[in-house]
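The next block holds one structure in the form of structure tokens; read it before the comments.
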Amino acid sequence: MTEEPTPRAAAGTGGAVPRHGALHHVEIWVPDLERATGSFGWLLEAMGYEPFQSWAGGRSWRLGAAYLVFEESPALTAGRHDRCRPGLNHLAFHVTDHHAVEDLARRARRHGWTLMFPDRHPHAGGERTYAAYLENADGFEVELVAITAPAGP
855 MTEEPTPRAA AGTGGAVPRH GALHHVEIWV PDLERATGSF GWLLEAMGYE PFQSWAGGRS
915 WRLGAAYLVF EESPALTAGR HDRCRPGLNH LAFHVTDHHA VEDLARRARR HGWTLMFPDR
975 HPHAGGERTY AAYLENADGF EVELVAITAP AGP
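Heads up, the final residue of the sequence shown is numbered 1007 in the working numbering, and it's a clean run with no missing numbers.
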């Protein structure tokens, strides 16, 4: 009888064993690395991501086996992201609960984020979703979705 190999953590995954088909990384090109590091870096670290890689034109943060890369590439063809064009619209993250959503949304203002859809916050995604939609100075959007929401009426 042949034994199946025991899964091992891939190099650089922080000990996490990824599953087949799991996201490895996402690379996002930004027009200003310093600005992206200030907004995305703060937010990712506030949610438990750890700094992973750093080089002259980029930074990355990791949570488990997946990581996010932000790079200021010399091959950029525009100076601002447009989430309404083909390509990335937004990144959505699970957040512990509605208290964490509100805390992050409040603190995010000091790090270059603005609350989108304030007239519909925190239910801009629908009455059953408790989330904050944030946009940074370069036009990137993130959605912070509560894993557990407060009980309804």
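For glycine and all other residues, C-beta sits at the position ideal for the given N, C-alpha and C. Predicted, not measured: the structure shown is a model, and the values here were computed from it.
Q) By Cβ distance below 8 Å, which residues in the same chain neighbour F947 in space, the five residues on each side in sequence not counted? A) Within the sequence shown, the letter at position 93 stands for residue 947. Cβ neighbours of F947 beyond the five flanking positions: M901, V996, E997, L998, V999.
Q. Measuring CB to CB, does T983 end up less than 8 Å from H977?
A. The count along the sequence shown starts at 1 and reaches residue 983 at position 129. The count along the sequence shown starts at 1 and reaches residue 977 at position 123. For T983 and H977, yes; Cβs fall inside 8 Å.
Q: Return the CA-CA distance between V955 and E981, expressed in angstroms with no decimal places.
A: Taking the sequence shown and counting its residues from 1, one reaches residue 955 at position 101. Taking the sequence shown and counting its residues from 1, one reaches residue 981 at position 127. Roughly 15 Å between the two C-alpha positions.
Q. Between the region 957–967 and the region 881–900, do three or more beta carbon pairs fall short of 8 Å?
A. yes
Q. With a Cβ-Cβ cutoff of 8 Å, do D992 and R889 count as a contact?
A. Here residue 992 corresponds to residue number 138 of the sequence shown, with the count starting at 1. Here residue 889 corresponds to residue number 35 of the sequence shown, with the count starting at 1. Yes, the pair counts as a contact, with Cβ atoms nearer than the cut-off.
Q) Taking the alpha-carbon positions, what's the A959 to I882 distance? A) Mapped onto the sequence shown, residue 959 falls at position 105. Mapped onto the sequence shown, residue 882 falls at position 28. A straight-line Cα-Cα distance of about 22 Å links A959 and I882.
Q) What is the DSSP secondary structure of A919, reduced to helix, strand or coil? A) For the purposes of this step, residue 919 is taken as residue 65 along the sequence shown, with counting starting at 1. A919 falls in the coil class under three-state DSSP.
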